[in-house]
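Step one of this worksheet: look at the structure below.
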Amino acid sequence: MTFYQRHSTSSSSYSPFLLFVILAVALGLRLYHLDAHGIFFDEKSTMVVSQGIVLDGANQKDVFDKGKLVFTNEEFWREKQIPDYYEAMTRSDIGNSPFYYFLLHHWMNVFGISDFSARMMSVLFSVLTVWLLFIFTRRFFQSERLAFTAAALAAIEPFFVAYSQQARNYSLTFFLTLLASYLFLRALEADNTNKPSLKWYAGYAITAFLGLYSHFLVASVLLAHGLYVLC
32 MTFYQRHSTS SSSYSPFLLF VILAVALGLR LYHLDAHGIF FDEKSTMVVS
82 QGIVLDGANQ KDVFDKGKLV FTNEEFWREK QIPDYYEAMT RSDIGNSPFY
132 YFLLHHWMNV FGISDFSARM MSVLFSVLTV WLLFIFTRRF FQSERLAFTA
182 AALAAIEPFF VAYSQQARNY SLTFFLTLLA SYLFLRALEA DNTNKPSLKW
232 YAGYAITAFL GLYSHFLVAS VLLAHGLYVL C
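The opening residue of the sequence shown carries number 32 in my numbering; numbering runs sequentially from there.
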């Protein structure tokens, strides 16, 4: 029995509680003053685009008709069609992040349109990233202590907390990028041990696809995966 195996066995009784504490701290820091400051321009664009509305109202000509002096909330927020969402994304965010907008659209349908609700989805994916970082580190670095350290640092790191409080695609992108890396390494691990790897490759393909549709720059991480295989 190796030292790591002995350490893992002896620490199994308290590790779930410690992880829970770290995740609770991560959640608390991200929820603290979540809507204390108003949304900035990018967040405003996010909330509008997720509802299928072009920022300058180009796909709502009947609402912004020059002959009309006023319009109602019902007219502005009326149900949109798929072409409206496509136009909103391509004109307002150069076609980036359609998966994030899709999720945010349905999220706000459930929890309402507000600064808090729009940012809350980012908080959720940020806390999931802290949890996944613990899983990732424990699996591939074979150290529970290092896994706790990594998760704890991610839970309190100021920039990570700040980005987690924005109604933008960053938290979702971080989560999907780390998940894709985890599935990628699990697939290679299965291949090296002659175990079934199809489920890992399938999960990787789906996650990589969703990652690309969350942010263009995920392509750089996928390129690194390919280079790793080649080398």
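Beta carbons: idealized from backbone N, C-alpha and C, even for Gly.
Remember, predicted model here, so these are calculated numbers, not experimental data.
If you draw a straight line from the Cα of S148 to the Cα of H64, it comes to about 13 Å.
Straight across, the Cα-Cα distance linking T238 with L58 is about 24 Å. In the three-state DSSP reduction, V192 falls in the helix class (H, G or I).
Inside the segment 117 to 146, DSSP marks whole alpha helix (DSSP H) runs of 4 or more residues at positions 129 to 142, from first to last along the chain. Between M152 and L177, the C-beta spacing is not below 8 Å.
Ranking L50, Q82, F167 by CA distance to the CA of L214 puts F167 first.
In this structure, A233 lies away from I53, with their beta-carbon atoms at least 8 Å apart. Secondary structure note for A198: it is in no alpha helix (DSSP H), with a DSSP letter that is neither H nor E. If you compare the alpha carbons of L50, L49, M78 with that of Q197, the shortest gap goes to M78. Distance from the Cα of A181 is smallest, within the candidate group A193, F171, V161, for V161. Assigned with DSSP and collapsed to three states, L241 falls in helix.
Between S123 and V154, the beta carbon gap of about 24 Å keeps them out of contact (Cβ cut-off 8 Å). Here R217 is buried, its C-beta having at least 16 other C-beta atoms within 10 Å. Rounded to whole angstroms, the gap between the alpha carbons of G242 and P114 is 22 Å.
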